[in-house]
Every structure is written in structure tokens, then in C-alpha cells.
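> My questions all concern the structure below.
Residue numbers (my numbering): 238 to 280.
Pasting the structure below:
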């Protein structure tokens with residue numbers, strides 16, 4: 238079985254790691270959305 242992985246969302250079509258990139262990945266029916274999580278000092 239082949240799965241489609243959206244690296245950092247649909248980063249080829251939208252800015253990577255953004256809500257628009259994730260929404261585009263959902264729209265094109267990606268099986269997996271890979272994203273980066275970074276810790277911030279902000280609270």
C-alpha cells in the first residue's frame with residue numbers, strides 16, 4: 238500500500254509548516270501530514 242505523506246504540510250504549494258499548508262494537504266487527501274514542532278520560551 239502506498240501512502241502520501243505531506244512533508245511540512247503541502248509545502249510545495251504553500252509556506253511550509255503553516256495552517257494553509259496543512260489545509261492544502263487535507264484538501265489533496267494526504268494520508269499523513271509531517272510537521273516540525275519547536276519549543277519556544279514564550280508563555
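The C-beta atom is built at its ideal place from N, Cα and C for all residues, glycine as well. No experiment lies behind these values; they were computed from the predicted model shown.
#1: By DSSP's criteria, residue 243 is part of a beta bridge. Which residues make up the other side?
#2: Does the beta-carbon of residue 245, which I'm using as the reference point, lie nearer than 7 angstroms to any heavy atom of the ligand MN?
#3: By the DSSP assignment, the alpha helix (DSSP H) with residue 263 in it spans what residues?
#4: Candidates 275, 248, 273, 274: which alpha carbon is nearest residue 263's?
#5: When we look at the beta-carbon of residue 271 and count the other beta-carbons within 10 Å, is it buried (16 or more) or exposed?
Based on what the coordinates show:
#1: Position 6 of the chain shown, counted from the start, is the residue given in the question as residue 243. Note: residue 243 sits in a beta bridge opposite 270.
#2: You won't find the ligand MN in this model; it holds no ligand whatsoever.
#3: Within the chain shown, residue 263 is the residue found at index 26, counting from 1. That run of the alpha helix (DSSP H) goes 256–264.
#4: For the purposes of this step, residue 263 is taken as residue 26 along the chain shown, with counting starting at 1. Considering only alpha carbons, the answer is 248.
#5: What you label residue 271 is simply residue 34 of the chain shown in a count that begins at 1. Exposed, because fewer than 16 other Cβ atoms sit within 10 Å of the Cβ of residue 271.
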